[in-house]
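The listed protein sequences correspond, in order, to chains Y, U, Z and P. For the first sequence, this note's numbering gives the first residue as 936, with consecutive numbering after it. For the second sequence, this note's numbering gives the first residue as 936, with consecutive numbering after it. For the third sequence, this note's numbering gives the first residue as 936, with consecutive numbering after it. For the fourth sequence, this note's numbering gives the first residue as 936, with consecutive numbering after it. Just so you know, even glycine gets a beta-carbon here, dropped at the ideal spot from N, CA and C. Source: prediction; values computed, not measured.
4 protein chains.
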Amino acid sequence: MGIKVKIAIIGSTGYGGVELIRLLASHPLAEVTSVISSSSAGTPITEGYPHLTGIREELLDDVDPAAIKAKADVVFLATPAGVAAKLVPSLLEADLKIIDLSGDFRLKSPALYEQWYKKPAADEAYLKQAVFGLAEIYGDQVLNAPFISNPGCYPTATLLGLIPAVKAGWIDPSTIIIDAKSGVSGAGRGASLGTHYSELNENLKAYKLNQHQHIPEIEMVLSDVASKPVVTTFTTHLVPMTRGIMSTMYAAVQGERSSADFVELYRSYYEGRKFVRIRPEGQWPTTKEVWGSNYCDIGFAVDERTGRVTIVSVIDNLVKGAAGQAIQNLNIMMGWDETLGLQFVPVYP
Amino acid sequence: MGIKVKIAIIGSTGYGGVELIRLLASHPLAEVTSVISSSSAGTPITEGYPHLTGIREELLDDVDPAAIKAKADVVFLATPAGVAAKLVPSLLEADLKIIDLSGDFRLKSPALYEQWYKKPAADEAYLKQAVFGLAEIYGDQVLNAPFISNPGCYPTATLLGLIPAVKAGWIDPSTIIIDAKSGVSGAGRGASLGTHYSELNENLKAYKLNQHQHIPEIEMVLSDVASKPVVTTFTTHLVPMTRGIMSTMYAAVQGERSSADFVELYRSYYEGRKFVRIRPEGQWPTTKEVWGSNYCDIGFAVDERTGRVTIVSVIDNLVKGAAGQAIQNLNIMMGWDETLGLQFVPVYP
Amino acid sequence: MGIKVKIAIIGSTGYGGVELIRLLASHPLAEVTSVISSSSAGTPITEGYPHLTGIREELLDDVDPAAIKAKADVVFLATPAGVAAKLVPSLLEADLKIIDLSGDFRLKSPALYEQWYKKPAADEAYLKQAVFGLAEIYGDQVLNAPFISNPGCYPTATLLGLIPAVKAGWIDPSTIIIDAKSGVSGAGRGASLGTHYSELNENLKAYKLNQHQHIPEIEMVLSDVASKPVVTTFTTHLVPMTRGIMSTMYAAVQGERSSADFVELYRSYYEGRKFVRIRPEGQWPTTKEVWGSNYCDIGFAVDERTGRVTIVSVIDNLVKGAAGQAIQNLNIMMGWDETLGLQFVPVYP
Amino acid sequence: MGIKVKIAIIGSTGYGGVELIRLLASHPLAEVTSVISSSSAGTPITEGYPHLTGIREELLDDVDPAAIKAKADVVFLATPAGVAAKLVPSLLEADLKIIDLSGDFRLKSPALYEQWYKKPAADEAYLKQAVFGLAEIYGDQVLNAPFISNPGCYPTATLLGLIPAVKAGWIDPSTIIIDAKSGVSGAGRGASLGTHYSELNENLKAYKLNQHQHIPEIEMVLSDVASKPVVTTFTTHLVPMTRGIMSTMYAAVQGERSSADFVELYRSYYEGRKFVRIRPEGQWPTTKEVWGSNYCDIGFAVDERTGRVTIVSVIDNLVKGAAGQAIQNLNIMMGWDETLGLQFVPVYP
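Dropping the structure here:
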């Protein structure tokens, strides 16, 4: 099997970081050699995560590019907004490969970042270097790239569900409406009233209407695919479950297309890409059917009465929406089979 | 306090029936005198519902119009689709007032019923007699009417959220898209794989796309309000919680209207109607904020970028979406204050 | 109906306080005239609790005994540990009646309080004045008392389930083991990792083994009832639900007693007390069967093989375990029927 | 890697069967060659389990020993009570190795089986052949055995938590009380009111007190370990979550033993057994900390006040409590490392 690629994870105490640890534990060609957390450096990772007892019990490292370089070849950043923007220059300088799971390098325009994230943007030169790693769409750019910006969870489910139809001209991009729903783990591990158990259990909540920072990310890619500016309506909801995202998407159909036509178009578009599964006509995926796995499952319903198509796309937000796709990008970047270490059967029930 | 109006409930062992029992227990002018279940007649109601121990312990009655008439003035029907269609003629003949919570008398066209419900429709003469009891909209027709058809849960949340804007011409009815989500109690008490705990917990599921029987009910009312035929896109989802419905609705805004304008329009439209609460700009209701109560709460977000408004409307599906609105209709029918016996504070958390 | 008793609630922004507001909203002889929160004084209560929109929208008052006295006759304290200890002297001095829902005045020994609560105890003189308001047991002391200490949630479920058997000498108090489980609302509204949605959903957790501050409260009463010192094993668990407590209790049976004998003993002991419901042999209550209500339901299983009895006792922790029992104590204190304003049917499902 | 051992799974459409499929998908030395279901033979497995789309899509086979023998070396039985009793003789005759996940061959006495399972027992000759596969305890008997009876979920968590202390004489077996709690998946996939979402969500339920069929299984092993007859009190609860079992166990301590002493005793007892993790003093495992994995985690609390120890033991009921331990037994049976294919990190959160 030869020598494994060595991985450092910055932000190991967040849900994205700990999911990277879980998934990489069974990767055949990569191994985690440094778990890093600026806030908890020096304490054992099991202090915050007793489920790692007997699996990984080392102390958390601090963020130090030179020390990281001594231990690792590739760095995953699973940090809050604004942190990667500051760390990336020194990590690149230390000649580390980077896969950034935060939103800091997804938007190519600093102004757009600042408008939606309400934070200072990263330096534009670095923004341009970062390849947007929506693996099934931009995989050819990921290959051999040293610096990947991993897509957001909502954009992943949404874009994989829309792109083939937009590209084929089967839907009118100006009519796209996205009603997205997420489990609570997407909000991270920071405790707040908004993620307090008694407030969210047996509750359903719409939030950040027209203001979510994933809107410009979705529009950036749709505009690229449609070769013209696209604006969309995008609503996010918090659902009382831990994992899972569903995007229910609506658009006006152009031409005469049945649900079966959409199934065929998408199957052909994603041929050979194992992580996108197109459901047969009349079947729509549920979030549990991809739980714990790197799959994105998609189903369709064309309504002749209204001339619209409804597209349902689901992922596990922490896997395909974060750590799983990041590893898929690692695989592609290294020239490996993209499924390496990711062939989990969804956990059901 | 004088003599109370006597109530019989047919279908007392379903969730709608048992919620009527709960709510009517504290009604000042009505009392339940007969709890009826054809399937469980002769057994104590506490056998299936031990939570009624010490509250109501009588045996369930069988369905017999003459016997009902001897005990009651008003009959609530909380029966599965197809049952009320058969029972109503004999109940009307026995000179009983009727409030039907099932869908059997909502659609005025037998053909439409048969198309969407896949069952034989009720006799058209009776369909015409039944007043559609969306209380805040058709309350004037409910007053003194002997036979009320109580609206469906999804239509209640949806229509209360759309009507003022449609009526005012502020949104284009042909652009309306309704993304609805419900807790599982809406599926009733019948056990099936589709309502099995381990399948629904930690899961989110879209179902019956473009095929839900509430679509023609919503379109019937919207067409009436818009004075022209309206067709809509309507999607339903099952959310891992017991109670609550949220309709997230999208439409193109006609004219220059801000979120604040919508707030004002709706406040004015629903003035004096206690059960509809319009939230201030920038605040959207969650389902828990109406849990266990008869409220319908509504919030708005106009997006200048897209020219669309998003309307969020929530109810408790078993209260405002079923038993609560049925009692509200009883109150209106009898000429009482519509809030009688329904002034519950939502249960929070 | 005459003039209502005026109620002030200190700690209105916690779950106990907001449940008092909900329950008192329909009390026929009491009304809430001041909602008080030292931390949020001056802001509208709907800011933190939008579910109160249109119901109560006043600003929160600050804690000021003279101002309270001007507005109210009785003060409910729903404050964190340590706060009531400081406030009570001045409130008593202002000639207000007090019902304290916190743990500050339950234990009569300052040393015991300090050992288990790790905080300075209240002045012993006041500790002695406070009547321990376990309504079904000490109701005669509550009548006309000006200062009531409301029992804890776990002790209420536990003690109501144990006292008749201990008093009758049917179980050996030295063998009592209490395995208690609670919904998460018992932990209050303060956000922390320990109450973070993603950590508690789909999780079951034992906590504070042998260290819970309700242990001395339970032992104080059991020792009183048994007329000898009783120590017990008591374990608490957090269950992924919002409301509900179940105490599963084990003890060695003394003499030949069947489950049916226990049913009869308890029915006779609690005769006339509407809020305790003894289940028939072979039926054990679930927490949902008392949800939202002031009931405590109890069931039994005697095992001849082991000579032990298992007693299952359930309550809604925020009602019978807090706000509901506090109102029951108000009723008793005022000489009213103890069920006034509390005759809710449990919310099911 | 050589030729893999071929596995047939009878009962592939239950939760135990589908979990075997999930776990064996990544086993390096075994592969599933036949998925069998008598009730659904001839239909694709994805019909009931769409999450297997693109992973396994074959038709389900019928139960036919000769056909199984042609395809497989080892048969896993994940069937309802009573089925394995009938199938095993013909499967053994076909010279297949058997791992039975049902309860049919756990009790060695037919009379005991019939008393607790209320069904005819298997032939006593076969009962005697079956090795009780509690892997960490009876692994030496599993090695090379052709026929394994896999332990029940509750007994696994319970026995691993009790055996070292019983064996060491540190606790008095006659005082053992077991308060067990389980997620709902333990009840299987059959729909019933008792597993209906709206009945179980936000609910906690005790069931089968003193009557659970796992009681004689637990007592059989404890009696073996203690070398004298042991009877225990054992209570089961249904918790609103899908996976996870916690056994909270109580016993009188013999001799002077601290929590730290118990930690040391258990660490030493389970040395080298990777799937049992003993937590440090003052830390108790939660069910989520073993979710999706084959771990059994155990913690202790000795109480000097009462002279009792509380032991908390958790597993994932579908993994260590069923499919995972069955594969662990396959590994041991074949002479492989017991952790093969089972080194999953728990899924957190």
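Expressed to the nearest angstrom, what Euclidean distance is found between the alpha-carbon atoms of Gln1146 of chain Y and Arg1208 of chain P?
52 Å
Please compile the residues from chain Z whose C-beta is within a distance smaller than 8 Å of the C-beta of Val953 of chain U.
Tyr1283
So which residues on chain P does Ser1127 of chain U lean against when the C-beta distance must stay under 7 Å?
Ala1126
Give every residue of the same chain whose Cβ lies closer than 7 Å to the Cβ of Trp1271 of chain U, excluding the five residues on either side of it in the sequence, and list them in chain order.
Leu964
In the DSSP assignment, find the unbroken beta strand (DSSP E) run with Arg1212 of chain Z in it and report its ends.
1211-1213
Taking the alpha helix (DSSP H) that Asp1196 of chain Z belongs to, which residues open and close that run?
1194-1204
Which chain Y residues sit within Cβ distance under 9 Å of Asn1138 of chain U?
Met1176, Gly1179, Thr1221, Thr1222, Lys1223, Glu1224, Trp1226, Pro1284
Anyone know if the C-beta pair for Met1184 of chain Z and Ile1246 of chain Z falls short of 7 Å?
yes
Selection from Y:Ser1248, Y:Phe1235, Y:Val1211, Y:Gly1217 that minimises the alpha carbon distance to Gly989 of chain P
Y:Val1211
Rounding to the nearest angstrom, what Cα-Cα distance links Ile1267 of chain Y and Gly1259 of chain Y in this structure?
12 Å
Beta-carbon proximity of Ile938 of chain Z to Ala1092 of chain Z, cut-off 7 Å:
no
Residue(s) in a DSSP beta bridge with Tyr1142 of chain U
U:Thr1171
Close-in-space but distant-in-sequence residues of the same chain around Asp1114 of chain P (CB under 8 Å, 5 per side omitted):
Thr1170, His1172, Ser1182, Thr1183, Met1184, Tyr1185
Judging by CA-CA distance, which residue of U:Gly977, U:Arg1240, U:Leu1036 is the nearest neighbour of Ala1020 of chain U?
U:Leu1036
Between Leu1144 of chain Z and chain P, is there a C-beta pair that is closer than 7 Å?
yes
May I ask you to verify whether the region 1005-1024 of chain P touches the region 1055-1062 of chain P, counting CB pairs closer than 8 Å and requiring at least 3?
yes
Nearest residue (CA-CA) to Val1174 of chain Y, options U:Val1188, U:Thr1221, U:Ala1161:
U:Thr1221
Where does Pro1319 of chain Y land, buried or exposed, given buried means 16+ other C-beta within 10 angstroms?
Absent from the model: residue 1319 of chain Y. The displayed extent of chain Y is 936 to 1284, so no value can be given.
Tell me, please, whether the CB atom of Gly989 of chain Y is closer than 7 Å to any CB atom in chain P?
yes
Can you name the residues that DSSP bridges to Leu1012 of chain U?
U:Ile945, U:Asp1035
Leaving out five residues before and five after Lys1063 of chain Y in sequence, what residues of the same chain have Cβ atoms less than 7 Å from its Cβ?
Lys1043
Residue interval of the beta strand (DSSP E) (run including Glu1152 of chain P)
Premise fails: Glu1152 of chain P lies in the alpha helix (DSSP H), 1149-1161, not in any beta strand (DSSP E).
Please report the residue range of the beta strand (DSSP E) in which Asp1238 of chain U lies.
1231-1238
So, are the CB atoms of Pro979 of chain Y and Leu959 of chain Y less than 7 Å apart?
no
Asn1229 of chain Y to Gly1068 of chain Z, Cα distance in whole Å?
56 Å
With 7 Å set as the bound, which would you pick, yes or no: does the beta-carbon of Pro985 of chain Z sit closer than that to a beta-carbon of chain U?
yes
Compare the Cα-Cα distances from Ile1034 of chain Y to each of Y:Pro1090, Y:Asp997, Y:Val1077 and report the closest residue.
Y:Val1077
Unbroken alpha helix (DSSP H) run spanning Ile1098 of chain U, endpoints
1088-1103
Going along the region 1247-1280 of chain P in order, which residues come within less than 7 Å of chain Z, judged by CB to CB distance?
Val1247
Within 7 Å of any Cβ in chain Y, is that where the Cβ of His1172 of chain Z sits?
no
Distance cutoff 7 Å, beta carbons only. Does Ala1161 of chain Y sit that close to anything in chain U?
no
Give every residue of the same chain whose Cβ lies closer than 8 Å to the Cβ of Leu1139 of chain Y, excluding the five residues on either side of it in the sequence, and list them in chain order.
His1172, Leu1173, Val1174, Pro1175
Do the region 1187-1196 of chain U and the region 1113-1133 of chain U meet, that is, are 3 or more Cβ pairs less than 8 Å apart?
no
Could you pull the start and end residues of the beta strand (DSSP E) that Arg957 of chain U belongs to?
From DSSP, Arg957 of chain U is part of no beta strand (DSSP E) but of the alpha helix (DSSP H) over 950-959.
According to the neighbour-count rule (16 or more other Cβ atoms, all chains shown, within 10 Å of its Cβ), is Asn1079 of chain P buried or exposed?
exposed
Cut-off 6 Å between Cβ atoms - residues of its own chain near Leu1026 of chain Z, not counting five sequence neighbours on either side:
Pro1000, Val1010, Ile1033
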